[in-house]
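**Student:**
There are 2 protein chains.
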Amino acid sequence: MMLNHLGKQTLVFPSRPSVLSYASVVGPKEGEGPLGNFFDEIVPDDLMGQDSFEKAELKMLEDACDRTLSKAKKLACDVDVYLGGDLLNQIVSSAYAARGLGIPYLGVYGACSSMAQAMLLGAVLVDGGYADTALCSAVSHFSTAERQYRFPLELGSQRPPSSQWTVTGAGAVLLGCEKGLPVGITHATIGSVWDMGQKDINNMGAAMAPAAHETLKAHLLDTGRDVTDYDLIVSGDLGKVGSSILRELCEREGLYLGARYIDCGCEIFGDDQGVFSGGSGAGCSAVTLCGWLFSRLLSGDLRRILFMPTGALMSVTTSQQGESIPGIAHAVTLEVIP
Amino acid sequence: MMLNHLGKQTLVFPSRPSVLSYASVVGPKEGEGPLGNFFDEIVPDDLMGQDSFEKAELKMLEDACDRTLSKAKKLACDVDVYLGGDLLNQIVSSAYAARGLGIPYLGVYGACSSMAQAMLLGAVLVDGGYADTALCSAVSHFSTAERQYRFPLELGSQRPPSSQWTVTGAGAVLLGCEKGLPVGITHATIGSVWDMGQKDINNMGAAMAPAAHETLKAHLLDTGRDVTDYDLIVSGDLGKVGSSILRELCEREGLYLGARYIDCGCEIFGDDQGVFSGGSGAGCSAVTLCGWLFSRLLSGDLRRILFMPTGALMSVTTSQQGESIPGIAHAVTLEVIP
Numbered sequence: 046m047m048l049n050h051l052g053k054q055t056l057v058f059p060s061r062p063s064v065l066s067y068a069s070v071v072g073p074k075e076g077e078g079p080l081g082n083f084f085d086e087i088v089p090d091d092l093m094g095q096d097s098f099e100k101a102e103l104k105m106l107e108d109a110c111d112r113t114l115s116k117a118k119k120l121a122c123d124v125d126v127y128l129g130g131d132l133l134n135q136i137v138s139s140a141y142a143a144r145g146l147g148i149p150y151l152g153v154y155g156a157c158s159s160m161a162q163a164m165l166l167g168a169v170l171v172d173g174g175y176a177d178t179a180l181c182s183a184v185s186h187f188s189t190a191e192r193q194y195r196f197p198l199e200l201g202s203q204r205p206p207s208s209q210w211t212v213t214g215a216g217a218v219l220l221g222c223e224k225g226l227p228v229g230i231t232h233a234t235i236g237s238v239w240d241m242g243q244k245d246i247n248n249m250g251a252a253m254a255p256a257a258h259e260t261l262k263a264h265l266l267d268t269g270r271d272v273t274d275y276d277l278i279v280s281g282d283l284g285k286v287g288s289s290i291l292r293e294l295c296e297r298e299g300l301y302l303g304a305r306y307i308d309c310g311c312e313i314f315g316d317d318q319g320v321f322s323g324g325s326g327a328g329c330s331a332v333t334l335c336g337w338l339f340s341r342l343l344s345g346d347l348r349r350i351l352f353m354p355t356g357a358l359m360s361v362t363t364s365q366q367g368e369s370i371p372g373i374a375h376a377v378t379l380e381v382i383p
Numbered sequence: 046m047m048l049n050h051l052g053k054q055t056l057v058f059p060s061r062p063s064v065l066s067y068a069s070v071v072g073p074k075e076g077e078g079p080l081g082n083f084f085d086e087i088v089p090d091d092l093m094g095q096d097s098f099e100k101a102e103l104k105m106l107e108d109a110c111d112r113t114l115s116k117a118k119k120l121a122c123d124v125d126v127y128l129g130g131d132l133l134n135q136i137v138s139s140a141y142a143a144r145g146l147g148i149p150y151l152g153v154y155g156a157c158s159s160m161a162q163a164m165l166l167g168a169v170l171v172d173g174g175y176a177d178t179a180l181c182s183a184v185s186h187f188s189t190a191e192r193q194y195r196f197p198l199e200l201g202s203q204r205p206p207s208s209q210w211t212v213t214g215a216g217a218v219l220l221g222c223e224k225g226l227p228v229g230i231t232h233a234t235i236g237s238v239w240d241m242g243q244k245d246i247n248n249m250g251a252a253m254a255p256a257a258h259e260t261l262k263a264h265l266l267d268t269g270r271d272v273t274d275y276d277l278i279v280s281g282d283l284g285k286v287g288s289s290i291l292r293e294l295c296e297r298e299g300l301y302l303g304a305r306y307i308d309c310g311c312e313i314f315g316d317d318q319g320v321f322s323g324g325s326g327a328g329c330s331a332v333t334l335c336g337w338l339f340s341r342l343l344s345g346d347l348r349r350i351l352f353m354p355t356g357a358l359m360s361v362t363t364s365q366q367g368e369s370i371p372g373i374a375h376a377v378t379l380e381v382i383p
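Those sequence lines, one after another, are chains A and B.
FYI, the numbering for the first sequence is 46 to 383, going by the numbering used here.
FYI, the numbering for the second sequence is 46 to 383, going by the numbering used here.
1) Tell me which residue opens and which closes the beta strand (DSSP E) that B:GLY94 is part of.
2) Hey, how far is the Cα of A:ASP276 from the Cα of A:ARG348?
3) Beta carbons nearer than 8 Å to chain A: which residues of the stretch 358-374 of chain B have them?
4) Going by beta carbon distance, what residues of the same chain come within less than 6 Å of B:ARG112, once the five residues before and after it are set aside?
5) Helix, strand or coil: how does DSSP classify B:MET353 here?
6) Name, please, each residue of chain B whose Cβ falls closer than 8 Å to the Cβ of A:ILE235.
7) When the Cβ atoms of the stretch 238-258 of chain A are set against those of the stretch 137-152 of chain B, are three or more pairs found closer than 8 Å?
8) Considering only residues of the stretch 244-271 of chain A, which uninterrupted alpha helix (DSSP H) runs meet the minimum length of 4 residues and lie entirely inside it, listed in chain order?
9) Please report the Cβ distance between B:LEU334 and B:GLY216, rounded to the nearest whole angstrom; I am assuming they are in contact, meaning their Cβ atoms lie under 8 Å.
10) Pull up the CB-CB distance for B:ALA190 and B:LEU132, whole angstroms please, since I reckon it's below 8 Å.
11) Which residues does DSSP list as the beta-bridge partners of B:GLU86?
12) Taking the C-alpha atoms as reference points, what is the distance between B:LEU266 and B:LEU151?
13) Would you please verify whether the beta carbon of A:ASN134 is less than 7 Å from any beta carbon of chain B?
14) Going by C-alpha to C-alpha distance, which of A:GLN243, A:GLY173, A:LEU294 and A:VAL286 sits closest to A:PRO59?
15) Kindly say whether A:GLN209, judged by its beta-carbon, lies nearer than 7 Å to any beta-carbon of chain B.
16) Could you pull the start and end residues of the beta strand (DSSP E) that B:VAL218 belongs to?
17) Please confirm whether B:LEU220 and B:GLY167 have their CB atoms less than 7 Å apart.
18) Closest to A:ALA251 by CA distance: which of A:SER182, A:SER369 and A:GLU77 is it?
19) Could you check which residue in A:THR355, A:ALA327, A:GLU312 and A:VAL377 has the C-alpha nearest to that of A:ALA83?
20) How would you list, in chain order, the residues of chain A whose beta-carbon sits under 9 Å from the beta-carbon of B:TYR275?
21) Would A:MET46 count as contacting chain B if we go by Cβ distances under 7 Å?
22) Under 9 Å between beta-carbons, which chain B residues line up against A:SER97? List them in chain order, please.
23) Can you tell me whether DSSP reads B:LEU120 as helix, strand or coil?
24) Closer than 7 Å by C-beta to A:GLN204: which residues in its own chain qualify, once you throw out the five before and the five after it? Chain order, please.
25) Does any CB atom of chain B fall closer than 7 Å to the CB of A:GLY56?
26) How about A:ASP91 and A:GLY72: are their beta carbons less than 7 Å apart?
27) By the 8 Å beta-carbon criterion, what residues does the stretch 240-272 of chain B contribute toward chain A?
28) Quick check: the Cα distance between A:LEU180 and B:ASP316, rounded to an integer number of angstroms?
29) Report whether the distance from the Cβ of A:GLY315 to the nearest heavy atom of the ligand HEM is below 6 Å.
30) Sorted by chain position, which residues of the same chain lie with C-beta nearer than 6 Å to A:SER364's C-beta, five sequence neighbours on each side aside?
31) Would a check of beta-carbon distances place A:TYR194 closer than 7 Å to chain B?
32) Could you spell out the range, first to last residue, of the beta strand (DSSP E) harbouring B:LEU379?
33) Which residues of the stretch 317-343 of chain B have a Cβ closer than 9 Å to any Cβ of chain A? Give them in chain order.
34) How about A:PHE352 and A:VAL279: do their beta carbons lie closer than 7 Å?
35) To which residues of the same chain is B:VAL124 closer than 6 Å at the C-beta, ignoring the five residues directly before and after it?
36) Between B:ARG144 and chain A, is there a C-beta pair that is closer than 7 Å?
This is the structure we're talking about:
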C-alpha cells in the first residue's frame, strides 16, 4: 500500500491534478498594494453593499467561486466537491457559500493554512479517482477578523509593530482530472502541529514559523529535494517577523533559503500601507496564489513552487485561558505541466 | 477517471479500509444512559480535574485517542494522519489534541456531522494509498457548547421542548489498510448543504432533517440500494423532532424507514434524563458509533449500517444577523468484512 505516500508526511499525485481555473476578489486596500494588477476583481467598498462585514465576506467568496466556475465554463452542478475554509467561527463563510453553490461540501479548518489544506484534499480526491473536479477556496476579511479575534474597530486600539493586517479577499481554484491550464499539483505535505510556547496574539508570525520550518524540512526529506529544486518557496502570512524567524531556523540547520523564499504577507501590501509586520488571514495566501503566483507560473516565469501557508490554531477562548498558540503549515507543490 | 465515484455524490472504497480500533470516553450523564455499558470510559466528573470545561473536553478527546491507539498497539508516531473535528470556535479541541499527538493533522468542520466527515476523508486517504493509517475523531461537551452557543450555565435558562442536550463525550476510530477488526468502510456519500429557512436555534433537528433526507436519497440512488439493504440507517442527532421530520420527508416519497432507522440522539439518553428532544453534539454520533454500534457490528447483530450524522452549520453571529440555519449530512457505509 501507500503507493501515493513518500516518507513520513508527503503525498504524491501521479495524475498531477490540473488547475482548471482560478480567481481572486479583494478589498480596496489589497487592490492598492503591489499585487493589485493580478486580481480578478477589486471591490471599491469592503462592505460590498451588504449590511454586515460578515455578509460582505460571504459575497466576496461567492464572487470568487462564481468567477472560477465561469472561467472554466462550468456550472456548480458540474462540480463534484467543494472544499472551503475561513477564519470565522464555525467557518460560516464557506458553509453559506456551499449552501448557495449546492456542491457536495467538506468544510476544512487550518486557520490561515486553509487554502493549502483545501487544495491538498482536493488533489487527493481528484488524483484518487473519487472526484473529477474539486473547487477549493479560502477567504478572510479585515473587519470580521478584527472584531472576532481582537477588538471592535470602533475602539481604535493601537497595534504593536509585530501585528499583521488581515487581508480582505477570497481566492478559489478549480482542480480537475481533465487537461486544464498548464499547471498541476504533484505533491503535498500534511503538516503536524507545533507549539513553542508563544502566547502573544499580536505576534502570530513567531507562533507559526516553527511549523513552517518543520513542514519544509519534512517535505524536502520525503521528496529527496533541495531548496534549489524550487523556483520559489512561498509561505502564507508569516509576515516580516515570522519569515525572518523561519529563515533563521532554516539557516541553523544549513538550509539557506535566500531569494528562493518569499511570504505572501510580505508581498501583498506596500511598506507605505501601515500594515506593520505584513498581511495575514486565510485570504492572504489564497489571493496571492490565485493572482500573482498562478500568473507567474502560466507566464513561464516560475516552473515549480512550494505553496506552504501556515495557520495559528488558537481561539479567543484558549488565549483567555492562558494557552499558547499552536501552529501548522501544509505544503502543496505546483508545477508547470507542458 | 472517477474510478471510485458512483453517481453524483458517493465514493466507493474497493480496498474497504478496516477499523483497526476505536474508543469512546463520556461524561457521567451519558454513562447513566441506556448505552452506558458500551463506552470504554465514563468519567465521574465532567470537569475531569481541569480548571475549565474546555480543558476537560480536550482531555476527554486525548483519552479517547490514546485508548484507540493503545487498543491497536500503535504509537502516535506510527499513524500517518489525524482528522479531527469539534464544535468549539476554531475547532481548538482537535487542534490541541493534534499538538499533543504530533500526527500530521487535518482539521475538519461539519458541526455534528464531523465524525462522518473525518471518517470519509480518512477512508479516502487509506483507500487511495495516501496513508496506511488514519485516526479520526469527534468530541463535544455540554458545558462548553452551552456557553459558546447559548447562555452561561449560571443563568439557568429554561429550555424549550424541541431543544437537545449536547453530549459530553469523545469518540475516535483508527482506520487502516492492514487487516483489523472485521468491520470496514465500503462507501461514503458527501452531503450538500440544505436550508429550508429554519431560524430557531432551539430546534436544530428541524433544520438538519432535510439534509439527512437529501443525503439518504443521494446515497440510495448512487448505489442502487434500497433501505432494506441496510440493517440500520443511523442519523447523528436529529433528536425526536428531527427524526420524525426525516421519517415524514422520506414517506412522502415512498421511502419507509420503519425499524431500520434510528437516531443516536434518541438512543443515548433515557426518557427520564430530562433531555427533551434528545442528545446532540459532534460527540453524540461519535460515541454511539465507537461504543454501541461497533459492538453490534462485531457481535454479528448488524451486518451493514449507514452511519449518517447531520450538522447545523450556523454560528452565533449568523443567527444574530437573522440568517437561517444550513444543514448537512455525510454518510459512511460500515460493513462486516469476514
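Idealized CB from N, CA, C, for every residue including glycine.
Being a predicted model, the structure only gives us computed values, none of them experimental.
**Tutor:** In this structure, then:
1) Where B:GLY94 is concerned, there is no enclosing beta strand (DSSP E), given that its DSSP letter is neither H nor E.
2) 7 Å
3) Of all residues in the stretch 358-374 of chain B, those with a C-beta nearer than 8 Å to a C-beta of chain A are LEU358, MET359, SER360, VAL361, THR362, THR363, GLN366, GLU368, PRO371 and ILE373, reading in chain order.
4) If we look at B:ARG112 and ignore the five residues flanking it on each side, its Cβ neighbours are ALA68 and ASP85.
5) strand
6) VAL126, PRO149, TYR150 and LEU151
7) Because the criterion of three Cβ pairs below 8 Å is met, the stretch 238-258 of chain A and the stretch 137-152 of chain B touch.
8) As far as the stretch 244-271 of chain A is concerned, its whole alpha helix (DSSP H) runs of at least 4 residues are 249-268.
9) 6 Å
10) B:ALA190 to B:LEU132, Cβ: 6 Å. Contact.
11) B:VAL70
12) Each residue's alpha carbon lies about 30 Å from the other.
13) So, interface residue.
14) A:GLY173
15) no
16) 214-221
17) yes
18) A:SER369
19) One point to set straight first is that residue 83 of chain A is Phe, not Ala, in the sequence displayed. The candidate whose alpha carbon is nearest that of A:PHE83 is A:GLU312.
20) Correct list: empty, because the minimum Cβ distance to chain A is about 21 Å.
21) Here A:MET46 scores only 46 on pLDDT, less than 50, and its place in the model should not be relied on; the value that follows carries that caveat. With 7 Å as the cut-off, A:MET46 counts as an interface residue toward chain B.
22) THR362 and GLN366
23) coil
24) Checking the sequence shown, residue 204 of chain A turns out to be Arg, not Gln. Around A:ARG204: PHE321.
25) Before going further, note that residue 56 of chain A is Leu rather than Gly in the sequence given. Chain B has a Cβ within less than 7 Å of the Cβ of A:LEU56.
26) yes
27) ASP240
28) 44 Å
29) The ligand HEM is not part of this structure, which contains no ligands at all.
30) ILE246
31) no
32) 376-381
33) Cβ contacts with chain A: none found.
34) yes
35) ILE148, THR178 and LEU180
36) yes
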